[in-house]
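*Asks:* After the structure tokens below, expect a handful of questions from me.
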Amino acid sequence: MNAAPAPVTLRRHGSVAVVEIAYAPVNPLSKGVRTGLVEAMATLKADPTVTAVVLSGGPGRFIAGADIREMNAPPDEPFLPDVVAAIEGLDKPVIAAIDGATLGGGLEVALGCDARIGSPKALLGLTETRLGIIPGAGGTQRLPRIVGIAAAIPLVCEARILKAKEAHALGLLDAVADDPLAAALDFAATAQKRPLSALPVPEGDAAAEQAAADAALKGAKGQPAIGEAVRVIRAAREGTFADGLARERAAFLALRESSEAKALRHLFFAEREAGKVPGIEGAAARPFASVAVIGAGTMGAGIASALLDAGLNVTLVERDEDAAQAGATRVRGLYDRPLKSGRVSAAQVDERLARLVPTADWDSLSAVDLVIEAAFEDMDVKADIFRRLDTVVRPGAVLASNTSYLDLDAIADLTSRPEDVVGLHFFAPANLMKLLEVVRGAKTAPDVLATALGLAKKIGKQPVVAGNCDGFIGNRIYAVYRRHAEYLVEDGAAPEEVDAALESYGFAMGIFAVSDMSGLDIAFAMRKRRAATRDPNERYVTIPDLLCEAGRLGRKTGSGWYAYDTAGKKSLDPRTADLIAAVRTERGIAPRAFTPGEIQRRLVCVMANEGAKELEEGIALRASDIDLAFVNGYGFPRLKGGPMFAADQMGLPAVLAEVEAAHAAGGAGSAPSQLLIDLARSGGSFAAWRKTNA
Ligand code: NAD
């Protein structure tokens, strides 16, 4: 029987001991690693022939951070603070030799050492707040002893990841060396014990510390971890080091159990799961160095910019030369803001734009690897484009459409190569929004899907794979959400009450304000297109149609649900209230009041119910994909984890009861999904559910 190799081993270089962690793939702080480190320190303490210790993670590594597999379980001994205490308490100097990512608990271990030597590839950061917690093993107390309180606050609260050079400049690394292990061994020969816990927190500028705290709290957006991080870092100067550690640990343990941390952990796992797509195992992505975008409007320009930012070459195709040049100008315009704020340099923008070729010449498409069509949302326009692409683009190139609602399979079947067609549904503004819905057609080849996922990764988007249906994952649920928001209004809630309830739930903007921003005409056109096929038993609210017919299309016309002044400032429009009152009277509806809690519950539950229908139909592979889509593409609050997670937290029997009430209010199209009914009865959850007959 082969025993698993020990995750922590000891070897000798003369009087210096090397403690090496080897736990694939990134040396996380799993129980075995923590135990091995504590045991190694005990062995070294008892060995008088050892004068100094080097702690190494082997080539390319140190300790990446906590073990995510253990994150949802209660803390288990030995606890990380005990590991750090064992290292810091060893009566011989310990030098960390850092090569690679050293985040969260990994950096806390390094801060327990007496010196840190990093390679140019080292990345250091206390990134715990990304998961709704704070460092729990001394990070908030040792870091300020190196960098001071004012600098420590943003490092922790913004979860900044420092490159070796920055870490060295701040004193987090004592030296940068190409071979950190060799350099650490050299250093160990003369190293002294210098525990950070014995150092005072440097005196700081009180105003700078206050400013750092204010800035962090302002950016906190309701995240309790930020407030706690600020509090415990600022308290590092009060009392003993042990007092500080105790304050930190108590806050860490409480935050770990908070609903916000649970939601963020859920999203963390969701991101890892999203790339796992049945049927594409072993499929290699096709090349995509050279990409063409067809249509340089709002979306095409944003998509082109996202591609350029990732180093790809982009051919931007428009209807004629003038439109192509206007498209290039639109792309350039997207860099105005980042240039002004200093996020990119003029030289970087020039380099990116040099990779953009605006043209009206379709022959230039013969050599591209991948095409993304972003022309008008009109089947005839798209049909014409895909037929032309089929004749000019080389065999094996991937043909993608950014369509929001059209039937991807119908588009694919217009070509002689439907297996090469895939949906790449970006969200506006496409250069900024994280979500990329990847629509898998009935005939999409596995390697085409793999290419789409590879492209998403390359350009820094969060992919979510969806099946082909009206609205795919996101817009389909969004349509139900909007309809139910309108039912609430017709039944008695004011639009601004609905928006305020959504904003207090954590949405950046309420749904009616969002509609005004995007323009009410787009949804109006769609409703008209679908009028003939709409189920007559589905309740239909005419208020938005009446707004459009009155020329009130939202922000761009100065009024919609709200009124806007010339500077774009929003206010209540009494005409909206009058219109709503008139519609209620005409329909014989006696308005009733809704509390913010009722509004929130209703809208989250109808979203989850439609999501459950997508799961049953195989449109979404798993509930967590739906959550990712909503937090990355629709402004759903991350701290609530997404609609499916929120429904699980609410308890599915309560969700079912709410959906039954929503069904009574909305009629056809709002019935509870069978999956929701089954899970509510069996005590199941969306999170644990997987389609078994696939
Ligand atoms: P838009 O009207 O701003 O831009 C469309 C562009 O395509 C125009 O510049 C037009 O000249 C060009 N075009 C039209 N026919 C063409 C052809 N045959 N050859 C070359 N260029 C052609 O539209 P948009 O908002 O950018 O939307 C584009 C697509 O993206 C649509 O399918 C839409 O549903 C989808 N989409 C839009 C959004 C959004 O929020 N606007 C979000 C996601 C997806």
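Just add 559 to the spot in the sequence shown (first one is 1) and you have this note's numbering. Cβ atoms here follow ideal geometry from the backbone N, Cα and C, with glycine treated the same way. Note that this is a predicted model, so its numbers are computed, not measured.
Could you check the C-alpha separation between T974 and I862 for me, to the nearest Å?
*Replies:* The straight-line gap from Cα to Cα measures roughly 23 Å.
*Asks:* CB P977 to CB G955, shorter than 9 Å?
*Replies:* It is not a contact, given that the beta carbons lie outside the stated cut-off.
*Asks:* Given a threshold of 16 other Cβ atoms within 10 Å of its Cβ, counted over all protein chains shown, does R719 qualify as buried or as exposed?
*Replies:* By the 10 Å Cβ count, R719 comes out exposed.
*Asks:* Just to confirm the assignment: which complete alpha helix (DSSP H) runs, minimum length 4, are found wholly within the stretch 1212-1247?
*Replies:* Runs found: 1233-1241.
*Asks:* Do the stretch 720-735 and the stretch 592-599 meet, that is, are 3 or more Cβ pairs less than 8 Å apart?
*Replies:* Result no; under three Cβ-Cβ pairs closer than 8 Å.
*Asks:* For a test of the three-state rule: what should DSSP assign to F828, helix, strand or coil?
*Replies:* Helix.
*Asks:* Beta strand (DSSP E) containing Y1123: first to last residue?
*Replies:* Looking at the DSSP string, the run of the beta strand (DSSP E) that includes Y1123 is Y1121 to Y1123.
*Asks:* Taking 8 Å as the cut-off, is the beta-carbon of I853 closer than that to any non-hydrogen atom of ligand 1?
*Replies:* Yes - ligand 1 has a heavy atom lying nearer than 8 Å to the Cβ of I853.
*Asks:* Does T962 pass the burial test, meaning 16 or more other C-beta atoms within 10 Å, or should it be called exposed?
*Replies:* Looking at its Cβ environment, which holds 16 or more other Cβ atoms inside 10 Å, T962 is buried.
*Asks:* Taking 8 Å as the cut-off, does the stretch 1044-1056 touch the stretch 1096-1107 (at least 3 CB pairs, one atom from each stretch)?
*Replies:* Judged by Cβ distances under 8 Å, the stretch 1096-1107 makes contact with the stretch 1044-1056, as three or more pairs qualify.
*Asks:* Does A844 have its Cβ less than 9 Å from a Cβ in chain D?
*Replies:* Within the model displayed, chain D is absent; a lone protein chain is all it includes.
*Asks:* Please find out if some non-hydrogen atom of ligand 1 comes closer than 8 Å to the beta-carbon of M1068.
*Replies:* M1068 Cβ: outside cutoff for every heavy atom of ligand 1.
*Asks:* Just curious, the beta strand (DSSP E) that N631 is in, first and last residue?
*Replies:* Segment: none, N631 is in no beta strand (DSSP E) and carries neither H nor E.
*Asks:* Per DSSP, what are the beta-bridge partners of H572 in this structure?
*Replies:* Bridge partners of H572: V575.
*Asks:* DSSP state of L924, grouped into three classes?
*Replies:* In the structure shown, L924 sits in a helix (DSSP, three-state: H, G or I).
*Asks:* With V930 as the anchor, note down where its beta strand (DSSP E) starts and where it stops.
*Replies:* First-last of the beta strand (DSSP E) with V930: L929 to E932.
*Asks:* Expressed to the nearest angstrom, what Euclidean distance is found between the alpha-carbon atoms of L1106 and G1119?
*Replies:* Their backbone Cα atoms lie some 6 Å apart in a straight line.
*Asks:* With DSSP as the reference, label N1168 as helix, strand or coil.
*Replies:* Note: N1168 maps to helix in three-state DSSP.
*Asks:* For ligand 1, is there any heavy atom lying closer than 8 Å to the beta carbon of D943?
*Replies:* Correct: D943 has its Cβ closer than 8 Å to ligand 1.
*Asks:* Which one or two residues does DSSP pair with Q1021 in a beta bridge?
*Replies:* Beta-bridge pairing links Q1021 to L994.
*Asks:* May I ask you to report which of helix, strand or coil DSSP gives T1003?
*Replies:* Residue state, collapsed to three classes: coil.
*Asks:* Thinking C-beta only, is P694 closer than 9 Å to L702?
*Replies:* Yes, they are a contact pair.
*Asks:* So, do the stretch 620-634 and the stretch 569-588 have three or more beta carbon pairs nearer to each other than 8 Å?
*Replies:* These segments touch.
*Asks:* Between the stretch 1074-1086 and the stretch 1162-1170, can you find at least three pairs of beta-carbon atoms closer than 8 Å?
*Replies:* No, they do not touch.
*Asks:* So, at 8 Å on beta carbons, what are the nonlocal neighbours of G1194 in its own chain, with the 5 sequence-adjacent residues on each side left out?
*Replies:* Excluding residues within five positions, the ones whose Cβ falls inside 8 Å are F1066, A1067, M1068 and V1073.
*Asks:* State the DSSP-derived secondary structure class of T1135, mapped to helix, strand or coil.
*Replies:* In this structure, T1135 counts as helix in the three-state DSSP scheme.
*Asks:* Which of the three DSSP states is assigned to K1129 in this structure?
*Replies:* Three-state DSSP puts K1129 in a strand.
*Asks:* Along the chain, which unbroken stretches of the beta strand (DSSP E) at least 3 residues long are found entirely within the stretch 857-922?
*Replies:* Within the stretch 857-922, the complete beta strand (DSSP E) runs of at least 3 residues are 872-876 and 915-918.
*Asks:* Report the CB separation of A1025 from A1179 in whole angstroms; it is logged as a contact under 8 Å.
*Replies:* 6 Å between Cβ atoms; contact.
*Asks:* Take D949 as the anchor and find which of V927, D966 and F935 has the nearest alpha-carbon.
*Replies:* The residue with the shortest Cα to Cα distance from D949 is V927.
*Asks:* Starting from S1063, trace the alpha helix (DSSP H) both ways and give me its first and last residue.
*Replies:* P1054 to Y1064 is the span of the alpha helix (DSSP H), which, as asked, contains S1063.
*Asks:* Could you pull out every unbroken beta strand (DSSP E) segment of at least 3 residues lying fully inside the stretch 641-691, listed in chain order?
*Replies:* Listed in chain order, they are 653-657, 660-662, 674-677 and 682-684.
*Asks:* Could you tell me whether the stretch 759-769 touches the stretch 660-678, where touching means 3 or more Cβ pairs closer than 8 Å?
*Replies:* No: fewer than three Cβ pairs fall under 8 Å.
*Asks:* Taking the runs of the beta strand (DSSP E) that are 3 residues or longer, which of them lie wholly in the stretch 686-734?
*Replies:* Qualifying beta strand (DSSP E) stretches: none in this window.
*Asks:* With a threshold of 6 Å on Cβ separation, who are the neighbours of R1111 within its own chain once the five nearest residues in sequence on each side are excluded?
*Replies:* Hits under 6 Å: S1118 and G1119.
*Asks:* So, at 7 Å on beta carbons, what are the nonlocal neighbours of L744 in its own chain, with the 5 sequence-adjacent residues on each side left out?
*Replies:* So the qualifying residues of the chain are H572, V575 and V613.
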